[in-house]
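So in numbering that gives the first Met the number 0, the last spot in the sequence shown is 835, and the numbers never skip. First the structure, in the form of structure tokens, and then the observations on it.
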Amino acid sequence: MGMTKKGSKTGASKKQLVVLLDSHAIIHRAYHALPDFASSKGIPTGAIYGLSTMLMGIIDKFNPDYVIACYDLPQPTHRHEAYDAYKAGRKKADEALVSQLISSRGLFEAFNIPMYDKPGFEADDMLGTIVEQILKNKAICETADEKGKITKSECGDNLDVMIASGDMDTLQLIHNDKVKVFTLKKGIKDTVIYNEEAVRERFGFGPELLPDYKGLRGDPSDNIIGIAGIGEKTATILISKFGTIEEIYKVLKKSPEKIKEAGITERVFELLKNGEEEAIFSKMLATIRRDAPVQFMVPAKTWRETFDPVPIDRFFREMEFRSLSARLKQVADRILGTKGLGFAETGYIDSDMVKAPANFGAISPEKSKELTIMLWVVNSNVSYPTMEDVFSYTGATSVEQAEQVLRRKLVENNLEQLYEQVEKPLIPIVDQMEKNGVKIDKDFFKKLSEKYHIELEKLGKSIWKEAGVEFNIASPKQLGEILFDKMGLVPESGVRMKKTAGGARSTKESELEKMRGSHPIIDMILQHRELSKLLSTYIDTLPTMADEKDRIHSTFHQAGTTTGRIASNDPNLQNIPIKTELGRQVRHGFVAEKGYKLMSFDYSQIELRIAAILSKDQKMIDIFKKGTDIHTGVAAEVFKVSEKEVTKEMRRQAKVINFGILFGMGVNALKMNLGSTRAEAQEFLNRYFETFQELAVYLERVKIEAKRDGYTTTMFGRRRYFEGLKSALPFIRAAAERMAINAPIQGTEADLVKIAMVCVYDLIIKRGWKSEVKLLMQVHDELVYEVKESLVPIVAEEVRRVMESIMTKQQTFDVPIVSSANAGDNWGEMEEVKID
């Protein structure tokens with residue numbers, strides 16, 4: 000491997016880079032930085048995804064020769080033995096985190112990366128020991144001769160080290176430019192590299208003094224006490240002037256006046272004088288050990304020489320990291336020189352990992368789309384499917400064989416009709432919708448941008464005025480310091496605020512919503528964020544995405560969700576907010592061509608109508624049959640009053656629970672949405688289900704059947720699988736139960752909208768309206784068309800008739816399906832088209 004032996008001259012051969020991974024710290028950071036991802040089997044995967052992403056990034060960024068992973072073990076360390084309170088302030092690790100710490104080792108096994116750990120020592124101590132052995136030329140290098148015989152010798156002179164960590168403790172291991180630290184500043188993407196110069200620039204002293212720094216100021220995250228009352232500023236002054244803690248106390252005892260001359264007050268001097276024992280003990284706790292009983296072995300072959308994508312790809316697929324499987328190909332191309340070849344052609348993918356065969360490129364886009372949508376209908380968990388997914392799922396070696404396997408699965412699962420009559424005929428309709436695009440008014444967006452930017456600036460100044468200081472409103476750290484520390488704002492009694500990974504109170508929108516109305520600054524900040532997002536995501540961006548005819552062409556994904564709904568991106572037209580006036584203004588910028596109108600069609604209260612149909616709840620059915628407003632009708636039943644006696648507040652509460660039960664809302668969520676006490680929410684929930692008993696029985700039956708079968712079905716047969724119902728982790732099971740309750744209702748709604756798209760298209764072709772009636776957008780339950788102005792009345796009548804007749808083939812128990820038609824010059828200003 001060309002490694003120099005101990006005593007040989009530095010530079011005799013090319014330096015080799017060893018990347019040491021502080022696995023524990025990285026996984027912890029990823030766990031708290033990323034959402035609660037879970038595989039379709041209910042296995043938590045967010046932290047492993049973060050670790051995998053960072054590992055792939057390190058490989059791309061540093062092209063290391065060796066990669067080593069270091070771990071903590073669950074046993075107590077020497078620090079715990081010396082100090083019972085060490086890290087005692089940290090809450091017990093979540094089950095989801097513990098399970099990922101264990102399964103993360105599978106990632107390193109797949110990458111053929113050695114792992115180091117030792118009972119009684121932390122991952123930091125593994126890092127420190129390996130660094131020390133490299134610096135002292137005490138690492139053991141294996142060298143293979145031409146016959147493969149391995150010889151071992153002490154080495155290290157020709158190795159450079161990059162420590163990848165999730166915290167700052169490892170900075171003390173930095174040594175000139177030979178040992179550096181690549182660490183995370185925020186989340187898992189914001190990174191920084193420290194060498195010795197960078198440490199001195201940040202702290203004012205070298206890496207070797209960082210344990211002394213922590214010994215003086217302490218570290219609450221590890222329960223290291225330091226000297227109470229001495230903070231960062233004082234610690235920095237003392238260490239910069241006098242050096243180590245031991246040196247500081249030598250000066251204090253021999254020449255106390257020198258300590259005071261350094262600018263230390265009498266109060267702090269007394270704290271320092273009385274805190275020697277605490278400081279030295281805290282330094283010991285903060286010091287990374289470099290003498291753990293492990294021997295660092297440098298393999299005979301570099302990491303690149305042992306690279307094998309097969310087990311890595313298998314691991315990523317087990318975790319359902321499809322994007323990382325694609326990224327792995329790029330790494331394989333670079334390392335193995337396989338650019339332009341498929342995995343199967345290079346011969347390094349085994350039989351259970353079959354990818355597209357050599358003729359993959361010959362598959363037509365139409366056939367590819369059909370096969371991927373077939374796969375998604377068979378297994379809705381594979382959203383945004385690719386041909387690679389098709390071949391991986393079917394194990395086929397040809398397009399024909401893959402199609403045969405998928406058709407057999409469709410028949411076995413009673414999904415053939417859903418595919419043939421809904422999804423397949425929808426393919427060209429979605430393609431045409433993308434090509435049509437929707438026109439925008441660039442001048443409108445320009446004026447709206449100017450107006451909102453002025454309002455944003457005014458809001459910012461008002462926020463600064465309330466805070467009494469100027470600060471970066473977009474910075475969560477600065478905002479938290481202003482709201483919680485400077486202003487001392489707290490939520491109402493009983494309202495729990497989430498914290499960040501570092502223990503700070505969160506300033507996420509969902510958390511600030513809990514404090515809305517408690518102080519003017521909170522409402523201002525929420526409005527500031529809404530304006531900022533609207534400007535950056537839509538108002539300032541959409542005009543740049545329009546073509547030469549000022550039309551936006553979003554990409555619509557027929558198989559982009561697990562629910563059956565169509566997804567949208569570039570731009571995502573389904574996320575344009577409509578609940579606030581600020582958000583609704585954006586829709587005014589979507590306009591019709593001259594001589595045309597925009598027409599919007601949607602179903603009225605369709606989810607609740609579907610819930611009544613599926614549950615066969617007679618009381619709910621009767622409300623719909625009478626034509627009563629469903630929320631008013633439910634309120635009258637629950638509160639035992641006549642419909643005329645229903646107040647606005649009663650209707651609001653009924654609306655909250657009507658939609659809440661569709662999403663498995665529990666008593667705590669209901670309490671928050673109602674703005675009531677837990678007891679009141681529980682009583683309301685009890686009254687609701689006592690009134691609508693068939694609905695209660697239906698929802699419970701859905702949960703039971705989903706646990707038994709592993710999936711739910713819609714009225715049209717679409718399946719959604721819930722492996723999470725079998726998870727050993729309670730929060731995964733609970734989330735799966737909530738989704739399972741909603742899946743048949745939301746899925747049936749998605750099916751209905753897709754069927755409507757197909758039926759309306761058939762109507763357009765039949766009536767010869769192809770050039771006069773064009774589908775532009777499908778946004779949740781809403782279909783938006785561009786219609787020739789003279790045809791608006793007749794189109795409104797006939798499209799509504801088609802949409803309302805779809806469910807007549809199903810047993811709807813006389814629940815009327817009602818749709819509405821609205822038209823206008825822009826998407827934001829539409830009026831209902833009255834039909835005689």
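Glycine is no exception: its CB is placed at the ideal position from the N, C-alpha and C atoms.
Cutoff 7 Å; reference V794; Cβ partners in own chain excluding five residues on either side = M598, V772 and V786
request  = State the Cα-Cα distance for the pair S789 and I834, rounded to the nearest angstrom.
outcome  = 15 Å
Alpha carbon of S98 to alpha carbon of P43, nearest angstrom = 8 Å
ask   = Can you tell which of V267, V198, Y248 and K252 has its C-alpha closest to the C-alpha of K232?
value = V267
query = Ordered along the chain, which non-local residues of its own chain (more than five positions away) have a Cβ less than 6 Å from that of F662?
reply = N741
inquiry  = Less than 8 Å between the C-beta atoms of Y48 and N380, yes or no?
reply    = no
query = Looking at C-alpha atoms only, which residue of P743, L50, E529 and Q431 is the closest neighbour of T562?
reply = P743
request  = Check the DSSP bridge columns for G823 and list the partner residues they point to.
outcome  = L597
query = CA-CA distance, V429 and E422?
reply = 10 Å
ask   = Considering L751, what are the terminal residues of the beta strand (DSSP E) in which it resides?
value = First-last for L751: P729 to R766, but that is the alpha helix (DSSP H), not the beta strand (DSSP E).
query = Where does Y48 sit, in a helix, a strand or coil, going by DSSP?
reply = helix
ask   = To the nearest angstrom, how far is it from the Cα of A653 to the Cα of V817?
value = 21 Å
key: DSSP beta-bridge partners of P118   = P118 pairs with nothing; no bridge assigned.
task = Counting only the same chain and skipping the five closest in sequence on each side, list residues whose C-beta sits under 6 Å from that of F315.
result = L323 and S324
query = Can you list, in chain order, the stretches of the beta strand (DSSP E) that have 3 or more residues and sit fully within the segment 503-566?
reply = 554-556
ask   = Grouping DSSP H, G and I as helix and E and B as strand, with all else coil, what is D708?
value = helix
Residue of P310, D156 and R199 minimising C-alpha distance to R104 = P310
request  = Within the same chain, show all residues whose beta-carbon is closer than 6 Å to that of S448, passing over the 5 residues directly before and after it, in chain order.
outcome  = I538 and D539
message = Which of the three DSSP states is assigned to I362 in this structure?
response = coil
request  = Report yes or no: do three or more beta-carbon pairs, one from the segment 436-447 and one from the segment 399-413, lie closer than 8 Å?
outcome  = no
task = Look up S324 in the DSSP assignment and say whether it is helix, strand or coil.
result = helix
inquiry  = Between which two residues does the alpha helix (DSSP H) holding R800 run?
reply    = V791 to S804
Beta-carbon gap between V398 and F623 smaller than 8 Å = no
task = Compute the Euclidean distance between the alpha carbons of L19 and F295, then round it to the nearest angstrom.
result = 11 Å
query = Helix, strand or coil for P815 per DSSP?
reply = coil
query = Per DSSP, Y418 is paired with what?
reply = Beta-bridge pairing links Y418 to no other residue.
request  = Enumerate in chain order the residues of its own chain whose CB-to-CB distance from I113 is below 6 Å, with the five nearest sequence positions on each side excluded.
outcome  = The sequence shown places Pro at residue 113, not Ile. Excluding residues within five positions, the ones whose Cβ falls inside 6 Å are I67.
Selected residue, minimal CA-CA separation from G709, among T690, L694 and E736 = E736
request  = Can you give me the start and stop residues for the alpha helix (DSSP H) that S448 sits inside?
outcome  = K441 to A466
query = So what's M296 in DSSP terms, helix, strand or just coil?
reply = strand
task = Tell me whether N574 is buried or exposed, calling it buried when 16 or more other Cβ atoms sit within 10 Å of its Cβ.
result = exposed
inquiry  = Taking 8 Å as the threshold (C-beta atoms), are L270 and I224 in contact?
reply    = no
ask   = On the three-state DSSP scale, how would you describe P570?
value = coil
query = Taking DSSP as the reference, what is the three-state secondary structure of A234?
reply = helix
key: Between the CA atoms of M802 and V640 - distance to the nearest angstrom   = 35 Å
Where I244 sits in the DSSP three-state scheme = helix
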